[in-house]
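>
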Amino acid sequence: MSYMNRYMRGISNGGFATGKALTDDELRARVPSIFATEAHESRS
Numbered sequence: 343m344s345y346m347n348r349y350m351r352g353i354s355n356g357g358f359a360t361g362k363a364l365t366d367d368e369l370r371a372r373v374p375s376i377f378a379t380e381a382h383e384s385r386s
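Count along the sequence shown from 1, then add 342; that gives the number in this note's numbering.
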């Protein structure tokens, strides 16, 4: 069994392992920090 197969085996199919890329809107809803233009106030 390859590394990726072992890794993916433990992931539920909650949108991550569907084989389709997320749209920008879906990414903004799930991980808005990747679109941040400046650091969070708790970061220097």
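Built from N, CA and C at the ideal position, the CB exists for glycine as well.
If you follow the alpha helix (DSSP H) that Ala371 is part of, which residue opens it and which one closes it?
Asp366 to Arg372
> Using the Cα positions of Ser364 and Arg372, report the straight-line distance between them to the nearest angstrom.
One point to set straight first is that residue 364 is Leu, not Ser, in the sequence displayed. Approximately 10 Å between the Cα atoms of the pair.
> I need the DSSP call for Ser375, collapsed to helix, strand or coil.
helix
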